[in-house]
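Remarks on the structure that follows.
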Amino acid sequence: MIDIHSHLLPGVDDGSPSIAASLPVLERFVRDGVTTLVCTPHLDASRVRTAPALAYRAILDELRAAAPAGIALEPGWEIMLDVPGADLRAPELGLAGSNAVLVEFPRTGIPPNSAEELFRLRMSGIVPVLAHPERYFGCTVEQVTAWRRAGAVTQLDVQALLGRGRTSQVALALLRAGVIDLFSSDNHGDVRSLAMGRDWLHEHATAEHVDLLTNENARRLLAGEPIVPVPPLPRRRRPRRGIGGRIKDLIFGSRRKPTRE
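Residue numbers are given in the numbering used here: position 62 of the sequence shown equals residue 93, and the series is strictly consecutive.
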């Protein structure tokens with residue numbers, strides 16, 4: 032599996048505080064089957080010209096030296112689009128040296144002309160990868176469809192699949208509409224893992240969904256190749272009642288609530 036969104040570069044943002052805290056997470060990722068992890072510390076678009084790329088690369092090298100075998104650690108950023116018109120074409124801003132750039136919208140909400148801004152980024156030569164669209168208040172299938180038509184790739188946080196609140200409901204709706212392109216952990220030095228998304232997909236989807244959402248589309252993204260459209264998530268059917276259940280209904284009466292006229 033390939034995870035393109037994490038905050039395990041120690042001591043640089045609200046993620047892992049130290050190499051010692053990052054190592055157990057990396058060891059678990061190796062056991063889970065994660066082979067490539069992109070470290071994406073937070074950065075505001077208004078500050079990309081002063082991004083501490085060299086300092087962060089030195090920290091990444093230290094983490095690489097301490098990391099367990101079996102996982103490749105790559106550089107990247109998660110860039111908050113706090114201003115319109117930012118130039119994100121600098122090579123050091125890309126995920127693992129690719130032309131794909133991980134971006135997010137401000138916590139205040141979806142900005143006006145969001146699709147136009149993503150289209151502008153795409154036309155500048157980069158592939159904007161929109162982090163966790165399910166989290167943005169007011170996000171709809173139609174909105175995400177517009178972002179993808181503008182050239183964005185959509186990345187869902189696996190934690191959204193495990194709850195029951197609004198974010199989880201939106202995540203499920205987006206998957207059922209086929210407008211999510213890949214999963215990531217967005218791990219901040221905690222228990223989140225891409226394996227959670229893989230296991231959820233094994234229960235709710237197909238082997239094709241597992242491969243595209245946890246591995247193949249991320250591989251293609253980092254290699255500069257076109258991603259593969261992910262089929263809409265199949266709706267789970269209610270299990271059919273056996274003949275024994277139908278006989279019980281005839282004898283004791285069905286327990287289903289009467290419908291309102």
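Quick reminder that beta carbons are idealized off the backbone N, C-alpha and C, glycines included. None of the values given here were measured: they were computed from a predicted structure.
- Residue R166 holds the alpha-carbon nearest to the alpha-carbon of G196 among R166, S53 and W178.
- Per DSSP, the continuous alpha helix (DSSP H) segment holding Q200 begins and ends at R197 to A208.
- Counting only the Cα atoms, H219 lies some 16 Å from Y87.
- M227 carries a helical assignment under DSSP once its states are collapsed to helix, strand and coil.
- Within its own chain, the residues whose Cβ lies closer than 7 Å to the Cβ of V172, once the five positions on either side in sequence are excluded, are A204, L205, A208 and V210, listed in chain order.
- Restricting attention to N246, A97, L91 and R80, the CA atom closest to the CA of H38 is found in L91.
- Here the alpha carbons of V56 and R62 stand approximately 10 Å from one another.
- For I110, the enclosing beta strand (DSSP E) has its first and last residue at E109 to M111.
- Cβ atoms of V69 and L126 come within 8 Å of each other, at about 5 Å.
- Our two residues, A131 and R267, have alpha carbons roughly 34 Å apart in a direct line.
- The DSSP-derived three-state label of P159 is strand.
- In this structure, L149 sits away from L119, with a CB-CB distance that is not shorter than 8 Å.
- When the Cα atoms are used, E105 and T66 turn out to be separated by approximately 11 Å.
- When only Cα atoms are considered, I110 and A76 end up about 6 Å apart.
- In the DSSP assignment, F214 is bridged to L187.
- Partner residues in the beta bridge of C70, as assigned by DSSP, are P106.
- Only residues of its own chain outside the window of five on either side were considered, and among them V69, L126, S215 and A249 have a CB closer than 6 Å to the CB of I35, listed in chain order.
- Short of 7 Å from the beta carbon of V175, and not among the five residues preceding or following it, lie these beta carbons of its own chain, in chain order: P164, T185, L205 and V210.
- Of all C-beta pairs linking the segment 234–244 to the segment 252–261, three or more are shorter than 8 Å, placing the two stretches in contact.
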